[in-house]
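*Asks:* Residue numbers (the working numbering): 1431 to 1889. Here it is, the structure in full.
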Amino acid sequence: MDTRYQPEGLSFDNKNNYNSRPYPTGQAYFNGPVDANGYPIDMKGKQSEAENPFNDSPLRPPPLGIASAPSDIEKQKNDNDDSHGDRHGGWDYHTKIPHKKDPNQPYMPMGERLRHFTWAWYTLTMATGGIATLISIQPHPFPGLITIGAIFYIVNLIFFFGITGTMILRFTKFPGSFKASITHEREGLFLGPFFLSVATIITGTQKYVIQAYEADHPNRAWAVTSIAVAFWIYTFVTFCLAVFQYSFLFCFHTYKLTSFMPSWLLPVFPVMLAGTIASVIAADQPVTVRMPIICAGLGCQGLGFTIAILMYAHYIGRLMSVGYPGREHRGAMFIGVGPPSFTILALIGMSNALPDDFDLQGDGLIDAAMLRTLALVVIHQWALYFHLGWWAMVFPNTGFIIATISIGNALKDDTILFIGNGLTIAILCMWVYVLFNHVQAVYVCDIMYPNMDEDNADH
1431 MDTRYQPEGL
1441 SFDNKNNYNS
1451 RPYPTGQAYF
1461 NGPVDANGYP
1471 IDMKGKQSEA
1481 ENPFNDSPLR
1491 PPPLGIASAP
1501 SDIEKQKNDN
1511 DDSHGDRHGG
1521 WDYHTKIPHK
1531 KDPNQPYMPM
1541 GERLRHFTWA
1551 WYTLTMATGG
1561 IATLISIQPH
1571 PFPGLITIGA
1581 IFYIVNLIFF
1591 FGITGTMILR
1601 FTKFPGSFKA
1611 SITHEREGLF
1621 LGPFFLSVAT
1631 IITGTQKYVI
1641 QAYEADHPNR
1651 AWAVTSIAVA
1661 FWIYTFVTFC
1671 LAVFQYSFLF
1681 CFHTYKLTSF
1691 MPSWLLPVFP
1701 VMLAGTIASV
1711 IAADQPVTVR
1721 MPIICAGLGC
1731 QGLGFTIAIL
1741 MYAHYIGRLM
1751 SVGYPGREHR
1761 GAMFIGVGPP
1771 SFTILALIGM
1781 SNALPDDFDL
1791 QGDGLIDAAM
1801 LRTLALVVIH
1811 QWALYFHLGW
1821 WAMVFPNTGF
1831 IIATISIGNA
1841 LKDDTILFIG
1851 NGLTIAILCM
1861 WVYVLFNHVQ
1871 AVYVCDIMYP
1881 NMDEDNADH
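What follows is the structure, given as structure tokens:
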């Protein structure tokens, strides 16, 4: 054989010693590791990637010797931003003493902690606004009940504008943090609670402002028109949010089905609540305005509930294959209660807003009665560290309780209505409990600290 075509270190001479290593290290076709006989080891699928509970490993490793480009630029950037948490003497946040000041935890000024003030803080306002709406529809009212609800409504407004101001301060103090927050694989999902908070403010305004006016009050007409305009703006913006945010997630992030969390529903949750808003405001609108609002509300509610049904299949699959999520995240599982609950109360509310003799098709079937029937057919370890997802133990359950009360009103069943009263007391106690833990977590640095918030992939 012409030795010009003979690879260096490899001989085809019959006198070659066959007991020698056929692929000496450093002279083989493959420059990777070799086994005891000198043959290259197949490393496909065996190279470890940086641990990330959301991202799947690639099907095969990149060619050896070639630096691999990061598959998630925004995630890498966020990790680099969080690296400042490692400058404090290598303190491990897993050793943090829960619910107490940890003497080993490095001190961080509040101005720096603002870097970790995330969109998930709006879970506080969506829960408080839900409580205000729940109080407004209580059966068996007593004197002062509406005043209590109005206090929750005003407190929710204070919380909302306070959180919004703090978020603006974060984005101005740390340039680039706005884009990083809405594109982050985990924190970006919590953009939904901002719009859910807006939804509770709209429904609260209807209950505590517009309905407080007398029918002939001069301010009532423009207030009713303003709330209708707010509904259409909200519906358009949240529909765009659902479309564009899911499109972005499909293109730029990869999530494991084994790490499924109900927070994946949050991008579509706001547009689904357009149906709930419609059920609250439609009855006070003129008939010519009422019908388009009800149609849009039905469409948005159906869209959200359909996507939720599809997500539930993955949710059950995740629970069956890998079990419950981490104990700190289990409170967020109550998000799954929201879609069927809000669908029930939206259908009943919109059916009550229709005229009793309304028959769109002229087929003799009363559409309002059909909507009420459809709504009735639809129904059927403790954490150590506080997480903002705990507010999911309040907000979706307010929808469940409102749905229960709506069913009691539809069936004219006092037993169900008294159950709704009892559940309301329970959810108020839960609100107080979560709020106490929320304030405590800020004080002891369980949140608003590097690697402890939703701007971290997981912890």
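Note that beta-carbon positions come from the ideal geometry of N, C-alpha and C, so glycine has one too.
Compare the beta carbon distance of P1569 and I1835 with 8 Å and say whether it is the shorter of the two.
*Replies:* Counted from its first residue, the sequence shown places residue 1569 at position 139. Counted from its first residue, the sequence shown places residue 1835 at position 405. The answer is yes: Cβ separation under 8 Å.
*Asks:* Taking the C-alpha atoms as reference points, what is the distance between F1601 and A1645?
*Replies:* In the sequence shown, counting from the first residue as 1, residue 1601 sits at position 171. In the sequence shown, counting from the first residue as 1, residue 1645 sits at position 215. The alpha-carbon atoms of F1601 and A1645 are separated by roughly 44 Å.
*Asks:* Would the region 1709-1717 count as touching the region 1681-1690 if we require 3 or more Cβ pairs under 8 Å?
*Replies:* No: the two stretches stay apart, fewer than three of their Cβ pairs being nearer than 8 Å.
*Asks:* If I'm right that M1691 touches P1755 with Cβ under 8 Å, what's the distance once you round it to whole angstroms?
*Replies:* Mapped onto the sequence shown, residue 1691 falls at position 261. Mapped onto the sequence shown, residue 1755 falls at position 325. That pair is a contact at about 6 Å.
*Asks:* Between Y1863 and M1823, what straight-line distance do the alpha-carbon atoms span, to the nearest angstrom?
*Replies:* Residue 1863 sits at position 433 when you count from the first residue of the sequence shown. Residue 1823 sits at position 393 when you count from the first residue of the sequence shown. When rounded, the distance between both Cα atoms is 10 Å.
*Asks:* In terms of alpha-carbon separation, which member of L1847, G1729 and L1544 lies closest to P1605?
*Replies:* Counting from 1 along the sequence shown, the entry for residue 1605 is found at position 175. Nearest of L1847, G1729 and L1544 to P1605, Cα basis: L1544.
*Asks:* Are the beta-carbon atoms of L1619 and P1700 separated by less than 8 Å?
*Replies:* By 1-based counting over the sequence shown, the position of residue 1619 is 189. By 1-based counting over the sequence shown, the position of residue 1700 is 270. Not a contact, by the Cβ cut-off of 8 Å.
*Asks:* Do G1579 and I1631 come within 8 Å of each other at the CB atom, strictly closer than that value?
*Replies:* As a position in the sequence shown, residue 1631 is number 201, starting the count at 1. As a position in the sequence shown, residue 1579 is number 149, starting the count at 1. Contact flag unset, no.
*Asks:* For the candidate residues S1656, G1732, A1840 and T1548, whose alpha-carbon lies nearest to that of T1594?
*Replies:* Position 164 of the sequence shown holds residue 1594. It is T1548 whose Cα lies nearest to the Cα of T1594.
*Asks:* According to DSSP, simplified to helix, strand and coil, what is I1877?
*Replies:* Counting from 1 along the sequence shown, the entry for residue 1877 is found at position 447. It is coil, neither helix nor strand.
*Asks:* How many Å lie between P1722 and L1599 at the Cα?
*Replies:* Taking the first residue of the sequence shown as 1, we reach residue 1722 at position 292. Taking the first residue of the sequence shown as 1, we reach residue 1599 at position 169. Approximately 39 Å, taken between the alpha carbons.
*Asks:* Decide if the region 1666-1675 is in contact with the region 1633-1650; the criterion is three or more beta carbon pairs, one per stretch, under 8 Å apart.
*Replies:* With a cut-off of 8 Å, the region 1633-1650 and the region 1666-1675 do not count as touching, because too few Cβ pairs lie within range.
*Asks:* Output the distance between the C-alpha atoms of F1678 and I1739, rounded to the nearest integer angstrom.
*Replies:* Residue 1678 sits at position 248 when you count from the first residue of the sequence shown. Residue 1739 sits at position 309 when you count from the first residue of the sequence shown. Cα-Cα distance, rounded: 21 Å.
*Asks:* If you draw a straight line from the C-alpha of Y1745 to the C-alpha of F1735, how long is it?
*Replies:* In the sequence shown, counting from the first residue as 1, residue 1745 sits at position 315. In the sequence shown, counting from the first residue as 1, residue 1735 sits at position 305. Taking the straight line joining both Cα atoms gives about 15 Å.
*Asks:* Quick check: what's the CA-CA separation for M1878 versus R1616?
*Replies:* Along the sequence shown, read from residue 1 onward, the residue named residue 1878 stands at position 448. Along the sequence shown, read from residue 1 onward, the residue named residue 1616 stands at position 186. Roughly 15 Å between the two C-alpha positions.
*Asks:* For V1639, which residues from the same chain have a beta carbon less than 7 Å from its beta carbon, with the 5 sequence-adjacent residues on both sides left out?
*Replies:* Taking the first residue of the sequence shown as position 1, residue 1639 is located at position 209. A1653.
*Asks:* Between G1541, C1725, M1597 and N1534, which has its C-alpha nearest S1781's C-alpha?
*Replies:* The count along the sequence shown starts at 1 and reaches residue 1781 at position 351. Of G1541, C1725, M1597 and N1534, the residue nearest in Cα terms is C1725.
*Asks:* Under 8 Å between the Cβ atoms of A1783 and V1719?
*Replies:* Translated into the one-based positions of the sequence shown, residue 1783 becomes position 353. Translated into the one-based positions of the sequence shown, residue 1719 becomes position 289. No; because the gap between Cβ atoms is not below 8 Å, this pair is not in contact.
*Asks:* My output table needs one value for Y1638: the three-state DSSP class, helix, strand or coil.
*Replies:* Within the sequence shown, residue 1638 is the residue found at index 208, counting from 1. Of the three classes helix, strand and coil, the one that applies to Y1638 here is helix, per DSSP.
*Asks:* Between which two residues does the alpha helix (DSSP H) carrying S1836 extend?
*Replies:* Here residue 1836 corresponds to residue number 406 of the sequence shown, with the count starting at 1. Per DSSP, S1836 belongs to the alpha helix (DSSP H) from F1825 to L1841.
*Asks:* What alpha helix (DSSP H) runs, 4 residues minimum, are completely inside the region 1560-1606?
*Replies:* For the region 1560-1606, whole alpha helix (DSSP H) runs of length 4 or above, ordered along the chain, are 1575-1603.
*Asks:* Assuming contact is defined by CB atoms lying nearer than 8 Å, are V1767 and F1866 in contact in what I supplied?
*Replies:* Walking along the sequence shown from the start, residue 1767 turns up at place 337. Walking along the sequence shown from the start, residue 1866 turns up at place 436. Against a cut-off of 8 Å, the Cβ pair of F1866 and V1767 comes out as no contact.
*Asks:* Which whole-angstrom value describes the C-beta separation of I1832 and G1838, a residue pair presumed to lie in contact below a C-beta threshold of 8 Å?
*Replies:* If you number the sequence shown from 1, residue 1832 lands on position 402. If you number the sequence shown from 1, residue 1838 lands on position 408. About 11 Å; that fails the 8 Å criterion.
*Asks:* L1858: which of K1842, L1564, G1747 and E1542 sits nearest, CA to CA?
*Replies:* Residue 1858 sits at position 428 when you count from the first residue of the sequence shown. Here the closest residue by C-alpha is L1564.
*Asks:* Suppose the cutoff is 7 Å on Cβ atoms and the five residues either side in sequence are ignored; what does the same chain contact list for Q1715 look like?
*Replies:* Against the sequence shown, residue 1715 aligns to sequence position 285. Only V1654, A1658 and I1723 meet the Cβ criterion.
*Asks:* Figure out for me which residue from P1571, P1533, F1591 and S1566 has the closest Cα to the Cα of I1581.
*Replies:* By 1-based counting over the sequence shown, the position of residue 1581 is 151. Minimum Cα distance to I1581 is reached at S1566.
*Asks:* If the criterion is Cβ atoms closer than 8 Å, does the pair N1851 and F1764 meet it?
*Replies:* Start at 1 with the first residue of the sequence shown, and residue 1851 comes out as number 421. Start at 1 with the first residue of the sequence shown, and residue 1764 comes out as number 334. Not a contact, by the Cβ cut-off of 8 Å.
*Asks:* Where in the region 1613-1668 do unbroken runs of the alpha helix (DSSP H), each at least 4 residues long, occur, reported from the N-terminal end onward?
*Replies:* Within the region 1613-1668, the complete alpha helix (DSSP H) runs of at least 4 residues are 1622-1638.
*Asks:* Which term fits A1562, buried or exposed, when burial requires 16 or more other beta carbons within 10 angstroms of its beta carbon?
*Replies:* Residue 1562 sits at position 132 when you count from the first residue of the sequence shown. Flag for A1562 reads buried.
*Asks:* Span of the alpha helix (DSSP H) holding F1735?
*Replies:* Looking up residue 1735 in the sequence shown gives position 305. Its alpha helix (DSSP H) spans residues V1717 to V1752.
*Asks:* Can you round the beta-carbon distance between T1555 and S1627 to whole angstroms, since I take them to be within the 8 Å contact cut?
*Replies:* By one-based count along the sequence shown, residue 1555 stands at place 125. By one-based count along the sequence shown, residue 1627 stands at place 197. Yes, T1555 and S1627 are in contact; Cβ-Cβ is about 4 Å, under 8 Å.
*Asks:* Pull up the distance between the alpha-carbon of L1703 and that of T1665, whole angstroms please.
*Replies:* One-based indexing of the sequence shown puts residue 1703 at position 273. One-based indexing of the sequence shown puts residue 1665 at position 235. Cα to Cα, L1703 sits roughly 9 Å from T1665.
*Asks:* What is the rounded straight-line gap between the Cα of R1748 and the Cα of Y1742?
*Replies:* Residue numbering aside, residue 1748 sits at position 318 when the sequence shown is read from its first letter. Residue numbering aside, residue 1742 sits at position 312 when the sequence shown is read from its first letter. Distance between the alpha carbons of R1748 and Y1742 is about 10 Å.
*Asks:* Compute the distance between the beta-carbons of W1821 and T1553, then report whether it is under 8 Å.
*Replies:* The sequence position of residue 1821 within the sequence shown is 391, counting from 1. The sequence position of residue 1553 within the sequence shown is 123, counting from 1. Result yes, Cβ atoms of W1821 and T1553 sit closer than 8 Å.
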